[in-house]
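Please read the structure below before turning to the comments.
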Amino acid sequence: MNRMKLLNKISTVGALDFATESNFGFGYQQLSRVDESQLRPPKPQGTDPFVTFVLELIGQFVEGDTGPYRQYFSDVSSELQSLQSYLFQLTPNGRKPQLDLLNKDKYIIRPSHPNLLLSATATSGNAKQGVGESLNIQSAKDSANLKEEQFGMFEFLGKLIGMCLRTGVKLNLSLPAFVWKPLVGLKCDRKDLYEIDTALCKVLDEIWNYPIEKKQDFENDFKETFMTTLSDMTLVELKPNGSEIPVTFENRREYVSLVYQARLNEHVPHIECIRRGIHKIVPTQILSLFTWQELERLICGVPDINVNLLRRHTVYDKSIDSNSEYIEWFWEILNEFSPENKRKFIRFTWAQERLPNDDEEFARLRLRFLIKPVIKTSANPDQQLPKAHTCFFHLELPKYSSKEVMRERLLLAITESLSMNADEPGRDDLNQTIQPEEVD
1 MNRMKLLNKI
11 STVGALDFAT
21 ESNFGFGYQQ
31 LSRVDESQLR
41 PPKPQGTDPF
51 VTFVLELIGQ
61 FVEGDTGPYR
71 QYFSDVSSEL
81 QSLQSYLFQL
91 TPNGRKPQLD
101 LLNKDKYIIR
111 PSHPNLLLSA
121 TATSGNAKQG
131 VGESLNIQSA
141 KDSANLKEEQ
151 FGMFEFLGKL
161 IGMCLRTGVK
171 LNLSLPAFVW
181 KPLVGLKCDR
191 KDLYEIDTAL
201 CKVLDEIWNY
211 PIEKKQDFEN
221 DFKETFMTTL
231 SDMTLVELKP
241 NGSEIPVTFE
251 NRREYVSLVY
261 QARLNEHVPH
271 IECIRRGIHK
281 IVPTQILSLF
291 TWQELERLIC
301 GVPDINVNLL
311 RRHTVYDKSI
321 DSNSEYIEWF
331 WEILNEFSPE
341 NKRKFIRFTW
351 AQERLPNDDE
361 EFARLRLRFL
371 IKPVIKTSAN
381 PDQQLPKAHT
391 CFFHLELPKY
401 SSKEVMRERL
411 LLAITESLSM
421 NADEPGRDDL
431 NQTIQPEEVD
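Shown next, in the form of structure tokens:
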């Protein structure tokens, strides 16, 4: 797999085929041909890597299998939450950056394949409701094929989630209760919809509670029919021939109930595809044993990096004194990093943005973080960058002359690297000696 080429494609502006031109799409195409029994490996003994598949990266030299495996899940997480994604989209609340709303940074399932949304502008009878803002023109044949493709990708996502549950790798997904609850068999309700589309719920409440004394105003102002738009602006009928049935004061509550029903169930078939994919890796019966919050933690981990937890599971090369000044600098710097830079550091050293959730999970994964001296020494350590071995969760940390130099070098290392070439003989992407003119 040419990981860097696919990452460059996903970051470009313009349309691409997510099913073939992304890391997610590459895995979908390749692993869909593999018998599911091969995706359920037994847990290995000792320190052997626990991975479901092995990645061969084109143009990148990496030692070991676990680093690329974890990195794949990190890359896929970013792709699924990009503008190019066929599976997820920002919540409707997130499309209103000027307002202080819940879940503005979270993603929900796309009800329709984006290629089905050949939209033409239409006039809405009620602008503040946002109903009828686009019309979808599509051929029935293409619609069936694209729906099948999208459902296939959701099933593959389910397989990846099953691999998370089986091998302990994480998907860094930012999803609301609206997505997690049905995965554990719970129904979504108005509160869940309100938390992702507050404006819609407020308008529906206004329609439901419209006072009888203003009936004539309602009839004069509200010119909608029994149609609504889903979260991706797909226009749907709420009942047979709904486009020809006007909403009146008398039937307004039926209309509101049907809009809620449509929006609360728009992702039900997609959730079933995800659950079907999970079941091919682990029994879906286990999902009902968890709350939706527990399932989210198992699959995604905790966004905040607990430095004290990491320190408890850190070991040092025998040549390093764990109480030395430069080791204390390191932990002070890591604690002082912003949440984003802490996640970047974990991704740099481990190819994931989230740590195991607690001491128990560290123990279950037999995971420890090793700090060791730089193998390729320089006359001046300040001219070197830290080097990470993501397969093993190892960090080569030069013995810098000051805390500030260490901070600068760590920040440069964690912010400038997307490749995984640190293991290549004769090439040190993040361990290159810095030329004097490049030193601040």
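Reminder that position 389 of the sequence shown reads as 389 in UniProt numbering, one-by-one numbering, no gaps.
Where is the CB? At the ideal position from N, CA and C, for every residue including glycine.
All figures in this text were calculated on a predicted structure; none of them were measured in a lab.
Looking only at its chain, what residues have a beta carbon closer than 7 Å to the beta carbon of Leu355, apart from the 5 residues adjacent to it on each side? Gly301, Ile305, Asn306, Leu309, Leu310 and Ile346
Pairwise C-alpha distance: Gln150 and Ala144: 10 Å
In the structure shown, what three-state DSSP assignment does Pro246 receive? strand
In the DSSP assignment, what residue or residues form a beta bridge with Val256? Partner(s): none; Val256 has no beta bridge.
Whole angstroms is fine: what's the gap from Thr47's alpha carbon to Leu334's? 27 Å
So if DSSP puts His394 in a beta bridge, which residue, or which two residues, is it bridged to? Leu370 and His389
Quick check on this structure: which residue in Glu21, Lys9 and Trp292 has the alpha carbon closest to the alpha carbon of Phe178? Trp292
Is Ile271 close to the ligand NAD? I mean its beta-carbon at under 6 Å from any heavy atom of the ligand. As presented, the structure is devoid of all ligands, the ligand NAD included, so that no description of it is given.
When the distance is taken between beta carbons, is Tyr316 closer than 7 Å to Ser322? yes
Does the separation of the CB atoms of Ala351 and Gly67 fall below 7 Å? yes
Is the Cβ-Cβ distance between Asp205 and Pro111 less than 7 Å? no
DSSP three-state label for Leu7, please. helix
Complete beta strand (DSSP E) runs within the stretch 146 to 174 (minimum length 3 residues, chain order): none
Chain-order list of residues whose beta-carbon lies under 6 Å from that of Lys104 (same chain, five-residue window excluded): Asn93 and Gly94
Opposing strand residues paired with Phe88 [DSSP bridges]: Ile109
Assign Leu235 to one of three DSSP states: helix, strand, or coil. strand
Minimum C-alpha distance to Tyr72 - residue among Pro398, Met1, Asp189 and Tyr194: Met1
Where Asp17 falls, given that 16 or more other Cβ within 10 Å makes a residue buried: exposed
Near Tyr260, what residues of its chain come up, given a Cβ to Cβ distance below 8 Å and the 5 sequence neighbours on each side ignored? Arg190, Leu193 and Leu204
Which value, in whole angstroms, describes the spacing of the CA atoms of Met163 and Arg252? 46 Å
Please state the DSSP three-state secondary structure of Thr225. strand
Three-way DSSP call (helix, strand, coil) for Tyr316 in this model: strand
Just the Cα atoms here: how many angstroms apart are Val374 and Trp331? 18 Å
Range covered by the alpha helix (DSSP H) that runs through Lys344: Pro339 to Trp350
Terminal residues of the alpha helix (DSSP H) in which Lys191 lies: Arg190 to Tyr194
Nearest-angstrom Cα distance between Ser119 and Lys403? Note that Ser119 has pLDDT 38, beneath the 50 cutoff, so the model's placement of it is unreliable and the number below is only indicative. Looking at the two C-alpha atoms, the distance is approximately 56 Å.
Taking C-beta to C-beta, are Ile207 and Val256 nearer than 7 Å? yes
At which residues does the alpha helix (DSSP H) containing Thr198 begin and terminate? Thr198 to Trp208
On a CA-only basis, which of Pro42, Ser37 and Arg3 is nearest Phe26? Give me that one, please. Arg3
Presumed contact (8 Å Cβ cut-off) between Glu266 and Val247, rounded CB distance: Not a contact, Cβ separation roughly 20 Å.
Apply the 10 Å Cβ neighbour rule to Thr20 and answer buried if 16 or more other Cβ atoms are within range, or exposed otherwise. exposed
Counted within 10 angstroms of its Cβ, other Cβ atoms place Glu296 as buried (16 or more) or exposed: buried
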